[in-house]
Amino acid sequence: MMHTGEDIGPLSMDLAPRGTRRAGCACVQGTHGRRKRRLMSTRYTRGAAAAAALALLLAACGGDKGGNGGEKGDAKAANGPAVAGGDTSASGQARGGQTANAAGPGQDNGPRAKTGANELGRILVLEYHRIGPKEGEWYRSEAHFRQDLQSLYERGYRPVTMREVASGNINLPAGTSPVVFVFDDSSQGQFYYLPNGGIDPHTMVGMWSAFKQQHPEWSGGATWCVLPGAVHPSNFWGEAKSVPANRQEREATIKKKIDYLLQNGHEICNHTMWHAKLSQYEDGFVQDQIGSGQDSIMHYLPADYKITTFALPLGLWPKNRPLAWHGTYRNGKTYDYQVVLEVSGGPNVSPFDRAWDPHSVDRFIAAPGAIERQLAHWDQDPAERYVSDGDPNTVSYPAREASKLDRSRLGNRQAKEVADTPAAGHPAAGAAPAATPPSGH
Ligand SMILES: [Zn+2]
Numbered sequence: 001m002m003h004t005g006e007d008i009g010p011l012s013m014d015l016a017p018r019g020t021r022r023a024g025c026a027c028v029q030g031t032h033g034r035r036k037r038r039l040m041s042t043r044y045t046r047g048a049a050a051a052a053a054l055a056l057l058l059a060a061c062g063g064d065k066g067g068n069g070g071e072k073g074d075a076k077a078a079n080g081p082a083v084a085g086g087d088t089s090a091s092g093q094a095r096g097g098q099t100a101n102a103a104g105p106g107q108d109n110g111p112r113a114k115t116g117a118n119e120l121g122r123i124l125v126l127e128y129h130r131i132g133p134k135e136g137e138w139y140r141s142e143a144h145f146r147q148d149l150q151s152l153y154e155r156g157y158r159p160v161t162m163r164e165v166a167s168g169n170i171n172l173p174a175g176t177s178p179v180v181f182v183f184d185d186s187s188q189g190q191f192y193y194l195p196n197g198g199i200d201p202h203t204m205v206g207m208w209s210a211f212k213q214q215h216p217e218w219s220g221g222a223t224w225c226v227l228p229g230a231v232h233p234s235n236f237w238g239e240a241k242s243v244p245a246n247r248q249e250r251e252a253t254i255k256k257k258i259d260y261l262l263q264n265g266h267e268i269c270n271h272t273m274w275h276a277k278l279s280q281y282e283d284g285f286v287q288d289q290i291g292s293g294q295d296s297i298m299h300y301l302p303a304d305y306k307i308t309t310f311a312l313p314l315g316l317w318p319k320n321r322p323l324a325w326h327g328t329y330r331n332g333k334t335y336d337y338q339v340v341l342e343v344s345g346g347p348n349v350s351p352f353d354r355a356w357d358p359h360s361v362d363r364f365i366a367a368p369g370a371i372e373r374q375l376a377h378w379d380q381d382p383a384e385r386y387v388s389d390g391d392p393n394t395v396s397y398p399a400r401e402a403s404k405l406d407r408s409r410l411g412n413r414q415a416k417e418v419a420d421t422p423a424a425g426h427p428a429a430g431a432a433p434a435a436t437p438p439s440g441h
C-alpha cells in the first residue's frame, strides 16, 4: 500500500520564493465562515458545517504520500496524451489541444443525459482534497475516485474548468452536462512523478489520464487550487524539501507538472500561500497571503497566464470580504479574480441564472456517498440538472426556467426556449439515442 495516511511532513518554505515565511501549520480548528446561502435546499447544506469543522487538520496538514512505491511506469498514465495547446487563454475558451480535436462537440458518442437541454440548470463543482484509503470528508479512496469518473461519464457528464463555466463558454455536446472537478491543496497524492519519469498511476492525475485514454469524450480539464508554501506534502504536490533533490531539480519538477496540466486543458487556481484562515487576519496580511501565493504560482506559469479562480481556505472569508477577489500587496501589485470558490454548498447555479454570483460559487464536497446520492437524485429528478444544447451560440432552457434567465449574461448568445424535460422518473421522449441507463453505482 503506497498511501501512508496521516504523517505530517516538515515545513518547507523554500519553494515559496516570494512568500511569507512563517512557521506553523495552517490547520483549521473549528467554524467556518460561510454566509447563509440563498436558494439552497436543506439537502445541500446538510453536513456542510460538520465538514468545515473537520477541515484542514486533514486537508492542509495531514499527509498523503502519493507514492514512491507505485507500479513502474504505467505507460498510459505515464506518458499521458502528448498535447499541444492548453488552457492558457484568459477567455477560457481554450481546451486541451489533442483532446479538443479528438472529441470536440459533435464527435462525442458517449452516454447522454436522458432529458432535453436546460442551460439554466445547476452544475456540480466537485471538491476533492486527498487520495487515501481512509475515506472521509477530505479523503477520497482510489477506488471511489475511479468510480466517480465512471459514474459521471456514464450519466453524460463531461469535465469543464471553473474558468469555462464562469465565462459561460460551456462548449459541450448536446445532451451532456458540465461537471467541474476542483482539486484543493496540491497534495502529493494528486500528482506525482515516479523516479522513472512517469506519472504515478495511483495519483488523481494518473487516474484521470488513464480514464481519458479509455474515454476520449472525457476531453476537458479540471481546476487545481494550489498552495505553494504550505506544509509538505501540500505544497506544489509534495515537491518539498524532504524530497531528495536539490532546489533546482524540484523547481524543474514543479514546472513539469504545471506544464502538463496546462497542456491537457486544466486550469490553475490560487488557494493562498499556505492556507491561512483569512477571517483571522488584518487586511494587509490577507492581501499578502493571497498575492504572494499568486506570485509563487506565477513563477511556474506562462507570463500571460491570468489566474481567474481563487479558492477560499476552509471557506473562511476575510473580514473585508472583497479582498478575496481584489487586492493590492507588496508595493502596488494587485490581484483580481473572476471566481471565488466556497468550500461547500451543493450544486451551483448556472452562469446564466440571475442568482449566479461568481464571487461565491458553491462547491460539492466529495464526501463518502455524497456524489452517489446526488447523481441518484438527478437520475430520478433531472429537472434541475444543467444539460447542454450543443450550441455555444444559444442558451436553451425549458419555459418553466425562463424567469431565472439573466439576459445581461448572454453576451452574443441567443436565448432559446425548448421543450420541457419529462416529469420525474419518466424517460424522456426523444432522448439522445446513445443514452445509457444508470449503472447503479
Ligand atoms: Zn484547502
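Residue numbers (this note's numbering): 1 to 441. Backbone N, C-alpha and C define an ideal beta-carbon position, used for all residues, glycine too.
Counting of Cβ neighbours within 10 angstroms places lysine 134 among the exposed residues, the total staying below 16.
Boundaries of the alpha helix (DSSP H) harbouring threonine 253: 247-263, taken from the DSSP string. The shortest C-alpha to C-alpha distance from threonine 308 to any of Gly346, Tyr300, Glu267 and Thr328 is the one to Glu267. Spanning the alpha carbons of leucine 323 and tyrosine 329 requires a straight line of approximately 11 angstroms.
Taking 8 angstroms as the upper bound for CB-CB distance, glycine 332 and methionine 273 are not in contact here, some 19 angstroms apart. Boundaries cannot be given for histidine 232, as no alpha helix (DSSP H) includes it and DSSP labels it neither H nor E.
Annotated as proximal: arginine 413 and valine 395, with beta-carbon spacing under 9 angstroms. A straight line joining the alpha-carbon of phenylalanine 236 with that of glutamate 119 spans about 35 angstroms. Proximity of the beta carbon of histidine 129 to ligand 1 is indicated: a heavy atom of the ligand is located closer than 8 angstroms. Between ligand 1 and the CB of aspartate 184, the shortest heavy atom gap is smaller than 8 angstroms. Per DSSP, the unbroken beta strand (DSSP E) holding lysine 416 starts and ends at 414-418. Serine 177 has Tyr157 as its beta-bridge partners, per DSSP.
Below 8 angstroms, too few C-beta pairs join the stretch 405-419 and the stretch 357-365 to call them touching: fewer than three. Boundaries of the alpha helix (DSSP H) harbouring aspartate 288: 283-298, taken from the DSSP string. Contact between arginine 158 and valine 179 holds: their C-beta atoms lie close to 7 angstroms from each other, under 8 angstroms.
Relative to the non-hydrogen atoms of ligand 1, the Cβ of leucine 314 comes within a distance shorter than 8 angstroms of at least one. Between glycine 175 and arginine 122 the beta-carbon gap is near 17 angstroms, outside 8 angstroms, which marks them as no contact. Cβ neighbours of isoleucine 365 within its own chain (closer than 7 angstroms, five residues either side excluded): Ala51, Glu127, Glu137 and Ser344. In the three-state DSSP reduction, proline 216 falls in the coil class, being neither helix nor strand. Non-local beta-carbon contacts of leucine 261 in its own chain, meaning distances under 7 angstroms to residues more than five positions away in sequence, involve Trp224 and Ile268 in chain order. Closer than 8 angstroms to some heavy atom of ligand 1: that does not describe the Cβ of cysteine 269. Take tyrosine 139, set aside five residues on each side of it, and the residues of its chain with a beta-carbon closer than 6 angstroms to its own are Arg130 and Gly132, in chain order. Aspartate 185 is a Cβ neighbour of leucine 227, given a cutoff of 9 angstroms. DSSP places glutamate 239 in no beta strand (DSSP E); its state is neither H nor E.
Assignment of histidine 377 by DSSP, reduced to helix, strand and coil, places it in the helix class. Restricting attention to Tyr281, Pro392 and Asn348, the CA atom closest to the CA of alanine 117 is found in Pro392.
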